[in-house]
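In what follows, a structure is listed as structure tokens, so that the remarks can point back to it.
Number of protein chains: 2
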Amino acid sequence: MPSETAYDLTAGLRGLGGGRVWSLMISLFGDLAQGEGDTIQGPVLSAIMAALDVRPEAARVALHRLRNDGWITSTKMGRISHHGLTPFGRLQSAEASPRIYSTPDDVPKYWQLILLETPEADAQSAAIEAGFVQILPRVFVGAETSEPPQGAVALQGTAAVPDWLRNEVTPAALREEYALLEKALSSLCDALPLAHTPSPTEIAVLRCLVVHNWRRLVLKHPVVPSALSRHDAPAHKCHVMVADLLARFPRPTLDEIEQDQAG
Amino acid sequence: MPSETAYDLTAGLRGLGGGRVWSLMISLFGDLAQGEGDTIQGPVLSAIMAALDVRPEAARVALHRLRNDGWITSTKMGRISHHGLTPFGRLQSAEASPRIYSTPDDVPKYWQLILLETPEADAQSAAIEAGFVQILPRVFVGAETSEPPQGAVALQGTAAVPDWLRNEVTPAALREEYALLEKALSSLCDALPLAHTPSPTEIAVLRCLVVHNWRRLVLKHPVVPSALSRHDAPAHKCHVMVADLLARFPRPTLDEIEQDQAG
């Protein structure tokens, strides 16, 4: 069990109520066991889920669902179950990882504006799928590295960007959720360093909470190139803290967590 | 009097019905007598106006109006009146001349797109006054050489421009008028060269008709940078023919016309 201290520190993140247990479990497997052949032992998974405040019954239901949906496969060796991502689950995790684990320095610097020929729904969808943010029926902005949809006129972004444009690009629907995450992450960061060296399990739990709450927001909108993002906005501040925390608490190996639990 | 031939050739241009007589007279003075101290003698002016199919009474009324509005000043020397632009009239003519007399090669090559913060009327007016063409409530395009209004984001235009954007930039309201002018200019150009060398007065009349009918359209919309203009559109074809005709028939001096009339 994690010490009172580490558990207390992550109360804010646990309190955000980030969606369903199966989703939290995907965050956990994606962070700890994305490698081919990686598995988490049943007792280790139970201990981590307990530390995440998930009741055993809820954890069992989530695991069942993920097996049915083809995300996770379980094999019994002796009396112990070993749970791992399926090839499908690994692929999904791998596709999301660059966005989740990129640091603020990895974010594309430069931007572009695209003008569509028509405001038709199909054309708008193509632009959104290509990773652009809509600001007018026929006008979108995005990272310079994004491929504009066929037929659009694409103009290179300027170095200087006024705040009103940055504000338009900030994902408005997620503003409040980013503000709540910023608050939780700030309290956590402010309380660091921990009084004692955290155990591998404590680190796994902390990382899972950080990754999970971050992933829920960041994957809901296209990447905002740094020239267009407000560095004083919660979304950017969250990104900085997430990257700092994940670097400060490197991913423990599954062996380390197993030994921690066995000891 | 101009020969039948030259007179016939300009029938198409006279037939376009380009506005009021006072406006035609401004085109004439702007083309022939824009220099400081330039004046047109009464009998010469009457002869040219007659060749332009303007009745003497209509010419007198127009001249009266232009004097009242401060465009033209008349002085009597002996029995002959001398009519010339006032400083105000010369300034107006000088301001319009670059646009009227520029050749297609003078037109700015490159373009820019500007995005306004708001679609408010004031902001739109500022963009239009700065020489930009509106394509969306907050989006305008114009020559790279135009100064964007304060606060707008200005993006450099691309080298490749799709036809749909060129079509949006073509002054739609003037499309039909440009088509009519193209037809008149084409018939004139097709009938060249003239069977005889035209007299200075014939050239003055021909130039006046070309300048007048061109000026009435081109001054009604901002300059369209060549990257954005359709070279197969009437507006561009008119520009090419106007520039060719004005180069082919250089402006006669006032002395040459006077001698022509006296002879």
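So the sequences go chain by chain: A and B.
Counting from 1 along the first sequence, just add 24 to a position and that's the residue number in this note's numbering.
Counting from 1 along the second sequence, just add 24 to a position and that's the residue number in this note's numbering.
Just so you know, even glycine gets a beta-carbon here, dropped at the ideal spot from N, CA and C.
The structure presented is a predicted model; accordingly, all values stated were derived computationally and were not measured.
Local Cβ density within 10 Å of residue i, reported as buried at 16 or more and exposed below that
i                        : result
alanine 303 (chain B)    : Because chain B is modelled from 25 through 287, residue 303 (chain B) falls outside the range shown and cannot be assessed.
glutamate 28 (chain B)   : Confidence in glutamate 28 (chain B) is poor, its pLDDT being 47 and thus under 50, which makes the residue's placement too unreliable to answer from.
glutamine 180 (chain B)  : exposed
threonine 34 (chain A)   : buried
arginine 44 (chain A)    : exposed
alanine 208 (chain B)    : buried
aspartate 130 (chain B)  : exposed
leucine 270 (chain A)    : buried
serine 253 (chain A)     : buried
glycine 36 (chain A)     : buried
alanine 219 (chain A)    : exposed
asparagine 237 (chain A) : buried
aspartate 55 (chain B)   : buried
proline 249 (chain B)    : buried
arginine 38 (chain B)    : buried
leucine 230 (chain A)    : buried
isoleucine 104 (chain B) : exposed
arginine 272 (chain A)   : exposed
alanine 30 (chain B)     : buried
isoleucine 281 (chain B) : buried
glycine 59 (chain A)     : exposed
alanine 196 (chain A)    : exposed
glutamate 153 (chain B)  : exposed
histidine 263 (chain A)  : buried
serine 149 (chain A)     : exposed
leucine 278 (chain B)    : buried
glutamate 200 (chain A)  : exposed
glycine 61 (chain B)     : exposed
glutamate 226 (chain B)  : buried
proline 224 (chain A)    : buried
alanine 286 (chain A)    : exposed
glycine 166 (chain B)    : buried
proline 17 (chain B)     : As shown, chain B starts at 25 and ends at 287. That puts residue 17 (chain B) outside it, with no answer to give.
Minimum C-alpha distance to residue i - residue among the options
i                       : options                                   : result
serine 70 (chain B)     : B:Ala228, B:Thr194, B:Gln136 and B:Val185 : B:Ala228
histidine 106 (chain B) : B:Arg79, B:Leu137 and B:Ile64             : B:Ile64
asparagine 92 (chain B) : B:Gly287, B:Gly155, B:Leu109 and B:Val157 : B:Leu109
histidine 32 (chain B)  : B:Tyr202, B:Ala75, B:Ile138 and B:Pro80   : A small correction: the amino acid at residue 32 (chain B) is aspartate; histidine does not occupy that position in the sequence shown. The option with the nearest alpha carbon to aspartate 32 (chain B) is B:Ala75.
arginine 190 (chain A)  : A:Ser210, A:Trp135 and A:Leu139           : A:Trp135
valine 193 (chain A)    : A:Ala286, A:Ala184, A:Val247 and A:Ala203 : A:Val247
valine 78 (chain B)     : B:Cys232, B:Arg275, B:Gly287 and B:Leu278 : B:Cys232
glycine 94 (chain A)    : A:Phe112, A:Val85, A:Ile281 and A:Pro80   : A:Phe112
alanine 184 (chain B)   : B:Ala251, B:Leu278 and B:Ile124           : B:Ala251
leucine 87 (chain A)    : A:Trp46, A:Ala147 and A:Ser210            : A:Trp46
proline 67 (chain B)    : B:Arg84, B:Ser51 and B:Gly61              : B:Arg84
glutamine 116 (chain A) : A:Leu139, A:Gly41 and A:Ser51             : A:Ser51
leucine 90 (chain A)    : A:Tyr125, A:Met49 and A:Gly41             : A:Met49
tyrosine 202 (chain B)  : B:Trp188, B:Asp187, B:Val234 and B:Val157 : B:Val234
threonine 127 (chain B) : B:Met265, B:Phe53 and B:His255            : B:Met265
Contacts of residue i in chain A (Cβ-Cβ under 7 Å)
i                        : result
tryptophan 188 (chain B) : Glu141
leucine 252 (chain B)    : Ordered by position in chain A, no residue passes the 7 Å Cβ test against leucine 252 (chain B), which lies about 11 Å from the chain.
Under 7 Å by beta carbon: chain B residues contacting residue i
i                      : result
arginine 290 (chain A) : Summary: the structure shown does not reach residue 290 (chain A), with chain A confined to residues 25 through 287, and so no result is reported for it.
Residue i Cβ short of 7 Å to the ligand GDP heavy atom set
i                     : result
proline 217 (chain A) : The ligand GDP is not among the ligands present in this structure, which contains no ligands whatsoever.
- Message: Quick check: the stretch 167-180 of chain A against the stretch 155-174 of chain B, are at least 3 beta-carbon pairs closer than 8 Å?
- Response: No: the two stretches stay apart, fewer than three of their Cβ pairs being nearer than 8 Å.
- Any residues in the stretch 170-185 of chain B with a beta carbon nearer than 8 Å to a beta carbon of chain D? Which ones, in chain order? Of the protein chains in this structure, namely A and B, none is chain D.
- Message: Contact between the stretch 257-277 of chain A and the stretch 234-248 of chain A is defined here as three or more beta-carbon pairs at a separation below 8 Å; is this criterion met?
- Response: The stretch 257-277 of chain A is in contact with the stretch 234-248 of chain A.
- Is it a yes or a no for the stretch 96-104 of chain B touching the stretch 210-219 of chain B, going by three-plus beta-carbon pairs under 8 Å? The stretch 96-104 of chain B vs the stretch 210-219 of chain B: no contact.
- Message: Counting beta carbon pairs with one atom in the stretch 132-144 of chain B and one in the stretch 156-172 of chain B, are three or more of them shorter than 8 Å?
- Response: A contact between stretches requires three or more CB pairs, one per stretch, nearer than 8 Å, and the stretch 156-172 of chain B meets this requirement with the stretch 132-144 of chain B.
- Residues of the stretch 125-138 of chain B whose Cβ lies closer than 9 Å to any Cβ of chain A, in chain order: Those residues of the stretch 125-138 of chain B that come within reach of chain A (Cβ to Cβ, closer than 9 Å) are Gln136 and Leu137.
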